[in-house]
Amino acid sequence: MNETVARLLNEQINKEFYSAYLYLDMAIFYDAMDLDGYANYYTIQAQEERDHALLFMKYMQSNGLKVTLDAIGKPDKTFETVLDPLEVAAEHERYVTALINNIYHEAHQAKDYRTMKFLDWFVDEQMEEENNADTMISRYKLFGQDPKGLYLLDQEYAGRVYTAPSLTL
Ligand code: MG
5 MNETVARLLN EQINKEFYSA YLYLDMAIFY DAMDLDGYAN YYTIQAQEER
55 DHALLFMKYM QSNGLKVTLD AIGKPDKTFE TVLDPLEVAA EHERYVTALI
105 NNIYHEAHQA KDYRTMKFLD WFVDEQMEEE NNADTMISRY KLFGQDPKGL
155 YLLDQEYAGR VYTAPSLTL
């Protein structure tokens, strides 16, 4: 496999674990506010990010590539309001989309159609992640400033359940 593509795939494992860490940090912030629904939402989001890391790992292994795990960065965002993590999440997902697009670009340059096909799932996934993050912001702005509205939103996010990724390798 092309060296740049292989390096970017390996780096993406770390990026996905960092995403899991960032979302766990958000869950901790909401838990401290007794917003258990939001805390649940981001705990599950963290599980999904770990799944993404394992998918990149498995893909590399299936292609005979050596996987090297690196240190996971400390979550360095500060949250003060209920809205803060929602905005950080939306911004972070756009960053992840750019990372995926960059790997896709390098795979395309290298005529690595297999990796492009693997990444297609993540391209779709990122559309969903950005859409979900944006919806959480707009719904908070619509309903969240009212205590009863925030209570209902929190109740709704308490209902999120973990589902394994639809991509299997
Ligand atoms: Mg991800």
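Taking the working numbering, the leading residue of the sequence shown gets 5, the next gets one more, and so forth. Ideal Cβ placement from N, Cα and C applies to all residues, glycine included.
Taking 7 Å as the cut-off, one finds at least one heavy atom of ligand 1 near enough to the beta carbon of histidine 56.
Taking a C-beta distance under 8 Å as the contact criterion, leucine 13 and isoleucine 107 qualify as a contact pair. A distance below 8 Å separates the beta carbons of aspartate 55 and alanine 168. Contact annotation: alanine 57 and isoleucine 32 have beta-carbon atoms that are not nearer than 8 Å. Bounds of any alpha helix (DSSP H) do not take in asparagine 67, whose DSSP letter is neither H nor E. In the three-state reduction of the DSSP assignment, proline 79 falls in the coil class. By the 16-neighbour rule on beta-carbons within 10 angstroms, tyrosine 117 is exposed.
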